[in-house]
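Each remark here refers to the structure printed beneath this line.
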Amino acid sequence: MIGKSRGRMTKDGIRIYEDADFAGMAAAGKLAAEILDSLSEHVFVGQTTGAIDKIIEDQVNAAGATSATIGYKGYKHASCISVNHVVCHGIPGDKKLKDGDIVNIDVTVIVDGWFGDTSRMYVAGKLSRKTERLLQVTHDALMKGIEVVKPGNTFGDIGHAIQTFAESHRMSVVRDFCGHGLGRVFHAPPNVVHYGKAGTGSVLEPGMFFTIEPMVNLGRPETKVLADDWTAVTRDKSLSAQFEHSIGVTETGCEIFTLSPAGRFHPTYQV
Ligand code: MF3
Ligand code: CO
Ligand code: CO
3 MIGKSRGRMT
13 KDGIRIYEDA
23 DFAGMAAAGK
33 LAAEILDSLS
43 EHVFVGQTTG
53 AIDKIIEDQV
63 NAAGATSATI
73 GYKGYKHASC
83 ISVNHVVCHG
93 IPGDKKLKDG
103 DIVNIDVTVI
113 VDGWFGDTSR
123 MYVAGKLSRK
133 TERLLQVTHD
143 ALMKGIEVVK
153 PGNTFGDIGH
163 AIQTFAESHR
173 MSVVRDFCGH
183 GLGRVFHAPP
193 NVVHYGKAGT
203 GSVLEPGMFF
213 TIEPMVNLGR
223 PETKVLADDW
233 TAVTRDKSLS
243 AQFEHSIGVT
253 ETGCEIFTLS
263 PAGRFHPTYQ
273 V
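Residues in the sequence shown are numbered consecutively from 3, following my numbering.
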């Protein structure tokens with residue numbers, strides 16, 4: 003049922019989408035997740051991130067969809083590929099992956115005007131114990147955030163759940179980048195921060211669409227952006243990981259639009 007309160011904007015400028023809009027988001031999210039599912043075999047020692055990006059671009063085109071990142075603020079690639087101490091917005095290129103590299107691949111597609119945005123971690127070669135823990139904690143931090151998404155809870159509850167979980171494992175949460183509203187646009191209010199106080203921030207309502215995409219570091223949380231104006235790295239050069247889902251708030255909780263059809267989202271399926 004489409005309530006008469008749908009299709010509006012909250013006082014905080016957050017769009018409330020209609021029930022029928024969930025299907026559009028699910029289709030976009032599914033394509034993005036299917037593309038990520040296909041990449042496990044393409045991440046290996048000696049592979050370049052540029053070659054992976056080309057595979058992604060070809061798949062977006064083959065599906066009759068559009069890449070949201072090509073042409074976005076001058077960005078030229080179908081994905082962001084962030085290796086080791088790169089926190090996010092790594093630019094695909096000629097550099098070859100080395101044994102033990104951890105790799106975040108972030109893909110955003112547009113299907114019939116709806117945006118599907120998701121990222122997950124891959125490994126080239128062999129994963130060390132310490133690094134495996136980083137991937138596990140980052141994945142679980144995202145899921146802890148998603149668990150508290152339901153009407154009546156707040157955005158602060160999401161950040162609080164993620165931060166307390168990551169810090170309980172003596173890892174840190176990046177403050178300089180956040181999740182975002184999306185839907186028929188790529189980046190919309192609110193900023194979905196991955197730290198904070200329970201009970202603060204806007205109240206979650208059915209029909210809100212946004213991403214949660216925590217970046218977790220083994221060292222300190224501070225980042226800096228390199229001279230290319232995109233690549234964000236940890237200042238202390240510690241390893242960083244990230245997982246991202248696009249979700250929609252329902253009457254009872256949320257729908258995850260970017261679930262892996264092949265069940266490959268969890269890091270243990272990549273190794
Ligand atoms: N997909 C990223 C996000 O999660 C945004 C990438 S913008 C780009 O919001 F231009 F760097 F691709
Ligand atoms: Co995003
Ligand atoms: Co993304």
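Built from N, CA and C at the ideal position, the CB exists for glycine as well.
When DSSP builds the beta bridges, which residues end up paired with residue 234? As a working note, residue 234 is residue 232 in the sequence shown. Bridge partners of residue 234: 90 and 227.
Could you check if residue 75 is buried or exposed, using at least 16 other CB atoms within 10 Å of its CB as the buried criterion? Residue numbering aside, residue 75 sits at position 73 when the sequence shown is read from its first letter. The residue is exposed, with fewer than 16 neighbouring Cβ atoms inside 10 Å.
Taking 7 angstroms as the cut-off, is the C-beta of residue 260 nearer than that to any heavy atom in ligand 4? By its list of ligands, the structure shown excludes ligand 4, since it contains just ligand 1, ligand 2 and ligand 3.
When burial is assigned at 16 or more other CB atoms within 10 Å of the CB, is residue 202 buried or exposed? Counted from its first residue, the sequence shown places residue 202 at position 200. Exposed, by the Cβ-count rule.
With distances taken from CA atoms, which of 146, 170 and 168 is nearest residue 159? Locating residue 159 in the sequence shown gives position 157, counting from the first residue. Here the closest residue by C-alpha is 146.
Compute every distance between the C-beta of residue 246 and the non-hydrogen atoms of ligand 2, then say whether any falls below 7 angstroms. Position 244 of the sequence shown, counting from 1, holds the residue named residue 246. At least one heavy atom of ligand 2 is nearer than 7 angstroms to the Cβ of residue 246, so yes.
Uninterrupted beta strand (DSSP E) stretches inside the segment 51–101 (no shorter than 3 residues): 82–85 and 88–90
Heavy atom of ligand 2 less than 7 angstroms from the Cβ of residue 181, yes or no? By 1-based counting over the sequence shown, the position of residue 181 is 179. Indeed, a heavy atom of ligand 2 lies less than 7 angstroms from the Cβ.
Compute the distance between the beta-carbons of residue 208 and residue 140, then report whether it is under 8 angstroms. Here residue 208 refers to the residue found at position 206 of the sequence shown. Here residue 140 refers to the residue found at position 138 of the sequence shown. Result no, Cβ atoms of residue 208 and residue 140 do not sit closer than 8 angstroms.
Taking the C-alpha atoms as reference points, what is the distance between residue 222 and residue 136? Within the sequence shown, numbered from 1, the residue matching residue 222 stands at position 220. Within the sequence shown, numbered from 1, the residue matching residue 136 stands at position 134. Rounded to whole angstroms, residue 222 to residue 136 spans 13 angstroms at the Cα level.
Measuring only the C-alpha atoms, how far is residue 41 from residue 138? What you label residue 41 is simply residue 39 of the sequence shown in a count that begins at 1. What you label residue 138 is simply residue 136 of the sequence shown in a count that begins at 1. The alpha-carbon atoms of residue 41 and residue 138 are separated by roughly 19 angstroms.
How would you call residue 271, buried or exposed, if buried means at least 16 neighbouring beta carbons within 10 angstroms? As a position in the sequence shown, residue 271 is number 269, starting the count at 1. Answer is exposed; the Cβ neighbour count stays below 16.
8 angstroms contact criterion, which residue 49 and residue 126 should meet: CB distance rounded: Taking the first residue of the sequence shown as position 1, residue 49 is located at position 47. Taking the first residue of the sequence shown as position 1, residue 126 is located at position 124. About 7 angstroms separates the two Cβ atoms, so the contact holds.
Quick test of your reading: residue 111 and residue 45, contact by CB under 8 angstroms. State the CB separation rounded to the nearest angstrom. Here residue 111 refers to the residue found at position 109 when the sequence shown is read from its first residue. Here residue 45 refers to the residue found at position 43 when the sequence shown is read from its first residue. Not confirmed; about 19 angstroms, so no contact.
How many Å lie between residue 218 and residue 187 at the Cα? Start at 1 with the first residue of the sequence shown, and residue 218 comes out as number 216. Start at 1 with the first residue of the sequence shown, and residue 187 comes out as number 185. Each residue's Cα considered, the two are about 26 angstroms apart.
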